[in-house]
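This report concerns only the one structure given below.
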Amino acid sequence: MLRLRGRSRPFLPVLLLIVAVVAAVPLVTGNPSMREELFFMLLLVTLATSVNVITGYTGYVSFGHIVFFGLGGYGAFWLMQALGVHFLVAAVLGVIPAVLVAAVVGAAVLRLRGAYFALATLGILEATKAFMTNFDPAGGAVGLSFNFSIYAQYGGAKSAAELAYVFMALVALAAIAASYLVRHAKFGLALMTIREDQDAAVVLGIDPARTKVAAFVISAVFPALAGAAFFFKNGIIEPGSAFDLTRSIESLVMVVLGGVGTVAGPVIGAAVYEWLRGFLITSPALASFQLTIAGVLLLVVVLFATSGLVGVLRARFPAVREWLE
Amino acid sequence: MSALLALRGVTVAFGGLVAVDDVSFDVEEGSITGLIGPNGAGKSTVFNAVNGVYRPRAGSILFDGRDIVGMPSQRIARLGIARAHQVVRPLTDLTVLDNVTVGACFGRDGLGLAAGRRRAAGVLEQLGLADRASQPAGSLNVAQKKRLELARAVAAGPRLLLADEVLAGLNPHEVDEMLGVFASIRDAGVTILMIEHLMQAVMHLSDQVVVLDYGRLIAVGTPAEVQADPAVVEAYLGDPRAAERLMADEP
Ligand SMILES: Nc1ncnc2c1ncn2[C@@H]1O[C@H](COP(=O)(O)OP(=O)(O)OP(=O)(O)O)[C@@H](O)[C@H]1O
Ligand SMILES: [Mg+2]
Numbered sequence: 134m135l136r137l138r139g140r141s142r143p144f145l146p147v148l149l150l151i152v153a154v155v156a157a158v159p160l161v162t163g164n165p166s167m168r169e170e171l172f173f174m175l176l177l178v179t180l181a182t183s184v185n186v187i188t189g190y191t192g193y194v195s196f197g198h199i200v201f202f203g204l205g206g207y208g209a210f211w212l213m214q215a216l217g218v219h220f221l222v223a224a225v226l227g228v229i230p231a232v233l234v235a236a237v238v239g240a241a242v243l244r245l246r247g248a249y250f251a252l253a254t255l256g257i258l259e260a261t262k263a264f265m266t267n268f269d270p271a272g273g274a275v276g277l278s279f280n281f282s283i284y285a286q287y288g289g290a291k292s293a294a295e296l297a298y299v300f301m302a303l304v305a306l307a308a309i310a311a312s313y314l315v316r317h318a319k320f321g322l323a324l325m326t327i328r329e330d331q332d333a334a335v336v337l338g339i340d341p342a343r344t345k346v347a348a349f350v351i352s353a354v355f356p357a358l359a360g361a362a363f364f365f366k367n368g369i370i371e372p373g374s375a376f377d378l379t380r381s382i383e384s385l386v387m388v389v390l391g392g393v394g395t396v397a398g399p400v401i402g403a404a405v406y407e408w409l410r411g412f413l414i415t416s417p418a419l420a421s422f423q424l425t426i427a428g429v430l431l432l433v434v435v436l437f438a439t440s441g442l443v444g445v446l447r448a449r450f451p452a453v454r455e456w457l458e
Numbered sequence: 081m082s083a084l085l086a087l088r089g090v091t092v093a094f095g096g097l098v099a100v101d102d103v104s105f106d107v108e109e110g111s112i113t114g115l116i117g118p119n120g121a122g123k124s125t126v127f128n129a130v131n132g133v134y135r136p137r138a139g140s141i142l143f144d145g146r147d148i149v150g151m152p153s154q155r156i157a158r159l160g161i162a163r164a165h166q167v168v169r170p171l172t173d174l175t176v177l178d179n180v181t182v183g184a185c186f187g188r189d190g191l192g193l194a195a196g197r198r199r200a201a202g203v204l205e206q207l208g209l210a211d212r213a214s215q216p217a218g219s220l221n222v223a224q225k226k227r228l229e230l231a232r233a234v235a236a237g238p239r240l241l242l243a244d245e246v247l248a249g250l251n252p253h254e255v256d257e258m259l260g261v262f263a264s265i266r267d268a269g270v271t272i273l274m275i276e277h278l279m280q281a282v283m284h285l286s287d288q289v290v291v292l293d294y295g296r297l298i299a300v301g302t303p304a305e306v307q308a309d310p311a312v313v314e315a316y317l318g319d320p321r322a323a324e325r326l327m328a329d330e331p
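Just so you know, the protein sequences line up as chains A and B, in that order. Note that this note's numbering has the first sequence beginning at 134, numbered continuously upward. Note that this note's numbering has the second sequence beginning at 81, numbered continuously upward.
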């Protein structure tokens, strides 16, 4: 008889629990520098996990994915600054521009295949950045910044930073849960079918246009929320930091490093990448080579371990196989 | 019985090449129709027209009385036309079970994931692929991939199954098995339109045989009628071995 259930292990709760426990540490110890570091790591986990939905599951490499982080950041920031909207409300509303761009532009560019789609996403990122640089209501090239008093309604800058941190952690957890649910839903099966052979998918009854746009929208939501939290905490937003191509590419590197198309891969990839960077920049001899080393690492993975760290772990330690998806 | 599928003057052209030329025939509900003809006759192109991959230049294709020309392939699939391709198209990184589940979840029956998995498991048993369920489809050999292709189409619960050279490359024992599979699919109420080069198989299974040559329909009838048709023998003379096989297979 066939064993229909491949996942007899509680993979998702365990993964969420690990992330939640790690995220809770700086709240318990009250260590602000650790909180800052983990904020950034949770941000990277969110970005990598999200881009994995369109790139890993669906097979569409989204180079410019950071555009959604920037749009969410700008949307929420403007609402807070200009209209005095509360952070939590602004963060949720800030998702709207990201989702609109994902749906409308996605419907157009997701017709493109392979390298053309990847290039189109770069175009979207650069065009959006150029637009925001010249868009005066959003502060143009200078961007927007908070008057420090805005944090008063949250009980001061420190509690605001904590609020942003907790929010970021919840967004990361939600992104992981969404990634898992997509992966194990009928919808995820449609995405993977499109990735494997789009022409076959159509003949099998899948509507690729609608399915891909839905995946793109889902992959845009969490970066947008993360952008809101990031810039709320920073108190300043400008096009360079909101639409940073390097960060966009780095999140893809993390996905590849951890394991493309897996749930745990982007999480592990983001954690390892960020840990490695932290290690490199504190070492005086290596600091200026951190991007070079990251590049070499990427090459090694692409050439010798195409299924990433998750693949290596699964092959090396059969015991963890059923725990890692 | 009534025609589940009816082609009326269907013409498909690629630039100047008319691959299917004014072809008309009916496929009765619950029957098996064999579509035969020499290489390049336009058989696979007929399938591509029926399931919306290519749009005919002229003619209409009625499925259950409704013209489906111009409909996108995914809608045609959901109406109940499933296809096993001549050149197999496994979803290589997905498991065999997931491949077949795709058919069950997105085809005519549009099952939920759990029900789709159960359906897929049943179809894999039926097609003798159950022990391969959890391995990646890319790791199957060619004969197994052929069966997977058929399993995926059958799992959709189609009303019409388009089977394009599913028997090609199988050994005689496997062919025998598949003939049984086809008969049981038909007995389950699925109408089958099959392209085959194996004359013995076509003649044995089919209620009706349609013969194409250079895109044109040259004969339609029972296996016995078609085998006795001089135009058919003539068409196969270009391929003496095929002609020989055709002549050797008296029903
Ligand atoms: N996409 C296409 N573009 C151009 N020509 C095509 C295309 N598809 C098929 N043809 C041509 O149309 C003709 C019929 O091809 P088709 O694949 O339908 O033949 P067939 O009867 O299935 O042959 P076989 O038995 O070899 O599978 C051939 O001459 C083929 O080269
Ligand atoms: Mg063919």
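Where a beta carbon is used, it is the ideal one built from N, C-alpha and C, also for glycine. Only a predicted model underlies this, so the values are computations on that prediction, with no experimental measurement involved.
Look at the alpha carbon of residue i and the alpha carbon of residue j, and state the distance between them as a whole number of angstroms.
i, j, result
"Ile151 (chain A)", "Ile112 (chain B)", "57 Å"
"Phe365 (chain A)", "Gly206 (chain A)", "8 Å"
"Val388 (chain A)", "Val203 (chain B)", "35 Å"
"Gly444 (chain A)", "Gly338 (chain A)", "31 Å"
"Met134 (chain A)", "Leu241 (chain B)", "Residue placement at Met134 (chain A) cannot be trusted, given a pLDDT of 42 that sits under 50; the coordinates are not used to answer."
"Met333 (chain B)", "Ser195 (chain A)", "The first residue shown for chain B is 81 and the last is 331, placing residue 333 (chain B) beyond what the model contains."
"Ala253 (chain A)", "Pro118 (chain B)", "45 Å"
"Asp211 (chain B)", "Leu409 (chain A)", "43 Å"
"Ala311 (chain B)", "Ala299 (chain B)", "7 Å"
"Ser282 (chain A)", "Ala293 (chain A)", "11 Å"
"Phe412 (chain A)", "Gly321 (chain A)", "36 Å"
"Ala438 (chain A)", "Gly392 (chain A)", "9 Å"
"Gln224 (chain B)", "Val289 (chain B)", "27 Å"
"Glu259 (chain A)", "His198 (chain A)", "11 Å"
"Leu324 (chain A)", "Gln307 (chain B)", "47 Å"
"Gly139 (chain A)", "Leu177 (chain A)", "Below a pLDDT of 50, predicted positions are generally treated as unreliable, and Gly139 (chain A), at 49, falls in that range; the measurement from the model is reported next regardless. Going by the C-alpha atoms only, they are around 29 Å apart."
"Phe268 (chain A)", "Ala235 (chain A)", "20 Å"
"Ile327 (chain A)", "Ser421 (chain A)", "41 Å"
"Arg454 (chain A)", "Ala129 (chain B)", "45 Å"
"Met81 (chain B)", "Val107 (chain B)", "Legend: pLDDT at Met81 (chain B) = 48, less than 50; position of this residue unreliable, value from coordinates given subsequently. Cα to Cα, the separation comes out at about 10 Å."
Cβ of residue i versus every heavy atom of ligand 2: is any distance shorter than 7 Å?
i, result
"Ala244 (chain B)", "Checking the sequence shown, residue 244 (chain B) turns out to be Asp, not Ala. For ligand 2, at least one heavy atom lies less than 7 Å from the Cβ of Asp244 (chain B)."
"Lys226 (chain B)", "no"
"Ile275 (chain B)", "yes"
"Gln166 (chain B)", "yes"
Which one of the options has the shortest CA to CA distance from residue i?
i, options, result
"Ile257 (chain A)", "A:Ser278, A:Ala241, A:Gly441", "A:Ala241"
"Gly276 (chain A)", "A:Thr182, A:Ala263, A:Gly402", "A:Ala263"
"Leu390 (chain A)", "A:Ser381, A:Ala403, A:Val396, A:Leu226", "A:Ala403"
"Arg380 (chain A)", "A:Gly368, A:Ile369, A:Leu424, A:Asp340", "A:Leu424"
"Gln331 (chain A)", "B:Ser153, B:Gly95, B:Leu115", "B:Ser153"
"Val168 (chain B)", "B:Val222, B:Asp147, B:Cys185, B:Gly120", "B:Val222"
"Val182 (chain B)", "B:His253, B:Gly237, B:Phe143", "B:Gly237"
"Ala157 (chain A)", "A:Pro356, A:Leu303, A:Asp340, A:Ala231", "A:Leu303"
"Thr179 (chain A)", "A:Val335, A:Gly398, A:Thr326, A:Gly428", "A:Gly398"
"Leu85 (chain B)", "B:Asn128, B:Leu142, B:Thr175, B:Leu115", "B:Leu142"
"Ala361 (chain A)", "A:Phe349, A:Ala297, A:Ile309", "A:Ala297"
"Met213 (chain A)", "A:Asn280, A:Pro372, A:Phe268, A:Met265", "A:Asn280"
Flag residue i as yes when its Cβ comes closer than 7 Å to any non-hydrogen atom of ligand 1, and as no otherwise.
i, result
"Asn119 (chain B)", "yes"
"Gly183 (chain B)", "no"
"Ser286 (chain B)", "no"
"Leu97 (chain B)", "yes"
"Gly139 (chain B)", "no"
"Ser124 (chain B)", "yes"
"Phe450 (chain A)", "no"
"Phe94 (chain B)", "yes"
Note the first and the last residue of the continuous alpha helix (DSSP H) segment covering residue i.
i, result
"Arg266 (chain B)", "252-267"
"Val194 (chain A)", "Segment: none, Val194 (chain A) is in no alpha helix (DSSP H) and carries neither H nor E."
"Gln280 (chain B)", "279-285"
"Gln214 (chain A)", "199-216"
"Arg246 (chain A)", "No alpha helix (DSSP H) holds Arg246 (chain A); DSSP gives it neither H nor E."
"Asp144 (chain B)", "Note, Asp144 (chain B): premise wrong, no alpha helix (DSSP H); not H, not E."
Quick check on the DSSP output: the beta strand (DSSP E) that includes residue i runs from which residue to which?
i, result
"Thr113 (chain B)", "112-116"
"Thr91 (chain B)", "83-94"
"Thr271 (chain B)", "271-275"
**Message:** To be precise: take each residue of the region 318-347 of chain A, compare its Cβ to all Cβ atoms of chain B, and keep it if any distance is under 7 Å. Which residues remain?
**Reply:** For the region 318-347 of chain A, the residues whose beta carbon sits under 7 Å from a beta carbon of chain B are, in order, Ala318, Lys319, Leu322, Ala323, Met325, Thr326, Glu329, Asp330, Ala333, Val335, Val336, Leu337, Gly338, Ile339, Asp340.
**Request:** For the region 166-179 of chain B, enumerate the residues whose C-beta is nearer than 9 Å to any C-beta of chain A, in chain order.
**Result:** Along the region 166-179 of chain B, going in chain order, the ones with a CB nearer than 9 Å to a CB of chain A are Arg169, Pro170, Leu171, Thr172, Asp173, Leu174, Thr175, Leu177, Asp178, Asn179.
**Prompt:** What residues in the region 143-156 of chain B have a beta carbon less than 7 Å from any beta carbon of chain A?
**Reply:** Of all residues in the region 143-156 of chain B, Ser153, Gln154 have a Cβ within less than 7 Å of some Cβ in chain A.
**Request:** Quick one: which residues of the region 119-140 of chain B get their C-beta closer than 8 Å to a C-beta of chain A? List them in chain order.
**Result:** Of all residues in the region 119-140 of chain B, Asn131, Val133 have a Cβ within less than 8 Å of some Cβ in chain A.
**Request:** Would you list, in chain order, the members of the region 210-237 of chain B that have their beta-carbon closer than 8 Å to a beta-carbon of chain A?
**Result:** Going along the region 210-237 of chain B in chain order, one finds Ala210, Ala213, Ser214, Arg232, Ala236 with a Cβ nearer than 8 Å to chain A.
**Item:** the region 82-94 of chain B: positions lying closer than 9 Å to chain A by Cβ
**Value:** Those residues of the region 82-94 of chain B that come within reach of chain A (Cβ to Cβ, closer than 9 Å) do not exist; the list is empty.
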